[in-house]
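Colleague: In the numbering used here, the protein residues as written are 1011 to 1084. The beta-carbon is built from N, C-alpha and C at its ideal position, and this holds for glycine as well.
(1) Checking contacts by CB at 8 Å: is residue 1077 closer than that to chain E?
(2) How many Å lie between residue 1054 and residue 1028 at the Cα?
(3) The alpha helix (DSSP H) spanning residue 1072 covers which residue range?
(4) What distance in whole Å lies between the Cβ atoms of residue 1030 and residue 1022, which are believed to be in contact at a cut-off of 8 Å?
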């Protein structure tokens, strides 16, 4: 296994190793930021992919909620 890894990395060369390291680092950063954004949206009550609702969407949802309460639905 060790010889396989040594041969693999020698075949890649320095540039390949740099590209591999860069891709791993950017993947980790992207994952952390994505998870962080999800927690932030959940904590602040925002919905959607990191965007705030427009006034029209808020009014529409609020009206639908009020109408559901009036008619006995939840």
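Modeller: According to the structure shown:
(1) Included in the structure is just one protein chain, with no chain E present.
(2) Straight-line spacing of the CA atoms in residue 1054 and residue 1028 works out to 38 Å.
(3) Residue 1072 -> alpha helix (DSSP H) spans 1065 to 1080.
(4) That pair is a contact at about 7 Å.
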